[in-house]
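According to our numbering, the sequence shown is numbered sequentially starting from 26.
Virtual Cβ for every residue (Gly too), placed ideally from N, Cα, C.
Keep in mind the model is a prediction, meaning the values are calculated, not measured.
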Amino acid sequence: MAGVYRWMTLGLVVTAGVALYTASNVQLAMTVARNIWPLVIVQFLVVLALSFMAQRISGPVAALMFIVYAGLTGLTLSGIFFIYTIGSIGTAFLITAGAFFALSLYGTVTKRDLSAWGTFLFMGLIGVVLASIVQFFWSSPAFSFALSCATVVVFAGLTAYDTQKLRVLGAQYAGTGLTSITIVGALNLYLDFINLFLALLRLFGDRRR
């Protein structure tokens, strides 16, 4: 698990660094804004490839794909610095970090089998994705609030669930040296963290005036 957390942390650092640099460079930020959909599509393709080809690609390739994905996420998330105040972004990050630590710790130490959560969390994730698509075409403050709350619940559950699943996988693959498995584990927790952070930011972030 230590390797998973190291890669996850590296991914978050890359994302934060790219997002901050992009937000501080007006010309680059405008270029990203004009090309946001191609970037999102590339993001989606990279994460799909990494998730489904993990056992068929080498560790270095998996690591490179993860870093590329983290960088692309930094580009697409740079817009939050133009929407929310720096203080509220920092606060949302700290709340997310604290919640993630507690949830991941629970997933690590609990004796309860969380595998039964899988079906419900997957259904919840599908619901969040579909609701997000609906929100793109039609939205209201109440709908946005409900969606953000649902997102927090789903990804809070996924954080504990994924942590326990990775702990079990780690025991199964111990000593095999499969770096790609570690990278995919880091990707799962990275996605849990990012989505939890964005949902909390939407709930509690102070918008710029």
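Out of Q80, I105 and S76, point me to the one whose CA is closest to F91's CA.
Closest option to F91, judged by alpha-carbon separation, among Q80, I105 and S76: S76.
Would the region 142-150 and the region 118-131 be scored as touching if the rule is three or more Cβ pairs under 8 angstroms?
No, the region 142-150 is not in contact with the region 118-131.
What do you reckon, are the CB atoms on V153 and A175 nearer than 8 angstroms?
Their beta carbons are under 8 angstroms apart, which means V153 touches A175 by this criterion.
Just how far apart, CA to CA, sit L225 and R192?
Going from the Cα of L225 to the Cα of R192 covers about 26 angstroms.
Going by DSSP in three states, R232 sits in which element: helix, strand or coil?
Three-state result, R232: strand.
8 angstroms Cβ shell around T133 - same chain, five flanking residues per side excluded:
Closer than 8 angstroms at Cβ, skipping near neighbours: M26, T188, Q189 and R192.
Can you give the Cα-Cα distance for A167 and V51, rounded to whole angstroms?
Rounded to whole angstroms, the separation of the alpha carbons of V51 and A167 is 33 angstroms.
Closest residue to L97 among A87, Q68 and L89 (Cα-Cα distance):
Of the candidates A87, Q68 and L89, the one whose C-alpha sits nearest the C-alpha of L97 is Q68.
Taking its Cβ as the centre, do 16 or more other Cβ atoms sit within 10 Å of F222, making it buried, or is it exposed?
F222 counts as buried, since no fewer than 16 other beta carbons sit within 10 angstroms of its beta carbon.
Is the Cβ-Cβ distance between T207 and V29 less than 8 angstroms?
Against a cut-off of 8 angstroms, the Cβ pair of V29 and T207 comes out as a contact.
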